[in-house]
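Residue numbers (this note's numbering): 56 to 528.
Beta carbons: idealized from backbone N, C-alpha and C, even for Gly.
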Amino acid sequence: MKSTGLLRLYSKDLNRIQRWLDPLVIGESFLLLSWWNSQFEIRQGGLDHQAGILILVVSFIVLSQGNIYQSYRQQSLLLLLRRLLLSWVAMITILLLIAFLTKTSENFSRLTVSVWSLFSLGWLLFCHLWGRHLLRKHRAKGGNSRNVIYWGPAATACSFHAQLLAQPHLGLRLVAWFESPSAEPTILPKSMPASMGGLSELRRWLEFNTADQIYFSYFPDRRSSHLSMAEVIRFFGDTCLPVYYVPHWAQEGMRFNVERLGSQLVFGLWVPPEANLDRQAKRVIDLVGSLVLLVALSPLLILIAVLIPLTSPGPILFSQERYGFKGKRFRILKFRTMTVMEAGDQAGLVQATRHDPRITPLGAYLRRWSLDELPQLINVLKGEMSLVGPRPHAVDHNELYRTQITAFMQRHQFKPGMTGLAQVEGWRGETSTLQSMASRIEADLRYQRDWSLRLDVKILLRTVFGLSSPNAY
């Protein structure tokens, strides 16, 4: 379905309408609830009306500053929910603070305030989530779409086009693409339209056709060394369309961020989330969780500690140096599951394998059920580890793979965890090939890119329900 001017206008102005509608509904609902709850006439001095006007003003200011009225096109559901909840909490907090400072809180029914608070939250969630759903559904059918053009190497163009096809709810349609010179030949998929030429053809195309956005990727090589990045930017700056840069060198797990140092633009590649409150909450969860588990599992811990020396000679605990948060080394603790001669730092690069003769009978059972990891609760309590995070590797493994896998060391921007996204996705146990290790690191970087407390809870639940793993040996 071709997008019409009316639909484009509606999509563009929807958030503007919502920006005014939300405060009006929230303010008016308070007046209606006050009237319905306890009285049929306005209080002396028009206190209800004054409160309604105050609610309207505060909600308009707070909600407008909460970034909830941005386009739904590229706003994730989780981000929208987070912004809605934070805006609602800020609005309620400010209003309660004003009522406390003006000593007027006792003039309003607690039932009215409670019901109104829940209604305002319900209104925000329903309207914004419903509006987002309708627009995404409409765009997936071809409505309110944006015609885009692309310039860049064929390989990146194919990847870009595949992303558009995989996400029709974005409403972005590739109407033409133009190829930058590349030394690498690329076989185009059947769904990919043919290239219409280079920059000169793109310029002529724009003279007789229209588009909504331009995407480009700069890929200098031997055939295009005469074309500088400044010239490419100058070319696209001479158009009247929004221009977006698609980095051909981007990798899975990168968390991009654009900042300014004075007048200098800074482009971050691996930037951890700046959710300081969430990070503090994560540490509180680690402290409470590790302490509770140590106490609750103390009978099991004591039993294992007694059985280990009875079944094989040697120490109870295995201790080895690992890289931790920001590359700082620490000593990880485990129940010993191998013979003494291979335990500790001298184990080097020799990973445990299936039917490994070094593993004791009791050790095999402990490893299968991940019980050998329980002493790491002490590492968590000390702040060296977290309940959830990238699993720490032996130092020798770090030194080996950091030269072979891009961004291997970036995983240390988070504390190492007792469990992690890579483990619940199946990348657990021996990494016999470089590709298997690369897949594990890719999962670790995705965890850091998408991190949230909700993701941690999800990983913990998946860990509990998948304790016995065929890859644990």
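Between S250 and W232, the C-beta spacing is below 8 Å.
Take the alpha-carbon of Q478 and the one of G82: they are about 49 Å apart. The beta-carbon distance between I149 and R138, rounded to whole angstroms, is 16 Å. This is too long to meet the 8 Å contact definition.
Rounded to the nearest whole angstrom, the CA to CA distance from L442 to D341 is 6 Å.
In the DSSP assignment, S169 falls within the alpha helix (DSSP H) that extends over R165 to A195. Taking 8 Å as the cut-off, the Cβ atoms of V450 and R495 do not count as close.
Looking at the DSSP output, A231 bridges to I204. Residue nearest to W325 within the set P364, R315 and Q306 is Q306 (criterion: CA-CA distance).
Of all C-beta pairs linking the segment 170-182 to the segment 215-235, fewer than three are shorter than 8 Å, placing the two stretches out of contact.
Distances from the CA of L134 to each of L88, K381 and H183 were compared; the closest alpha carbon is that of H183. Taking C-beta atoms under 8 Å as the contact rule, I359 and Q431 fail to qualify, at a distance of about 13 Å.
Around the beta carbon of Y205, 16 or more other beta carbons sit within 10 angstroms, so the residue counts as buried.
Put simply, of L179, L500, S487 and R457 the residue whose alpha carbon is nearest the alpha carbon of P471 is L500. By the neighbour-count definition (other C-beta atoms within 10 Å, threshold 16), M284 is an exposed residue. Apart from the 5 residues on each side of it in sequence, S114 sits with its Cβ closer than 7 Å to the Cβ of D77, P78, I81, G82 and M146 in its chain, given in chain order. Taking L88 as reference, the option from L118, E161, A154 and S175 with the minimal CA-CA separation is S175.
Contact between G475 and R457 is ruled out by a C-beta separation of about 18 Å, above the 8 Å threshold.
By the C-beta density criterion, R466 is buried, having at least 16 other C-beta atoms within 10 angstroms. Residue V117 holds the alpha-carbon nearest to the alpha-carbon of W75 among W304, V117 and A106.
Secondary structure at A249: coil, using DSSP grouped into helix, strand and coil. The beta carbon of T461 sits closer than 7 Å to the beta carbons of Q306 from its chain, once the five residues preceding and following it are set aside; these are given in chain order. In terms of Cα proximity to R310, the closest of D505, H452 and P244 is D505.
The C-alpha of F385 lies about 21 Å from the C-alpha of G344. If you draw a 10 Å sphere on the C-beta of T265, you find fewer than 16 other C-beta atoms in it, and that means exposed.
For W325, DSSP records a beta bridge to R310. By the C-beta criterion, the segment 508-515 is judged not to be in contact with the segment 313-320, since fewer than 3 inter-stretch pairs fall below 8 Å. Taking the C-beta atoms as reference points, I414 is found no nearer than 8 Å to F390. Each residue's CA atom was taken as its position, placing M440 and G382 some 12 Å apart. When secondary structure is reduced to three states using DSSP, I110 falls in the helix class.
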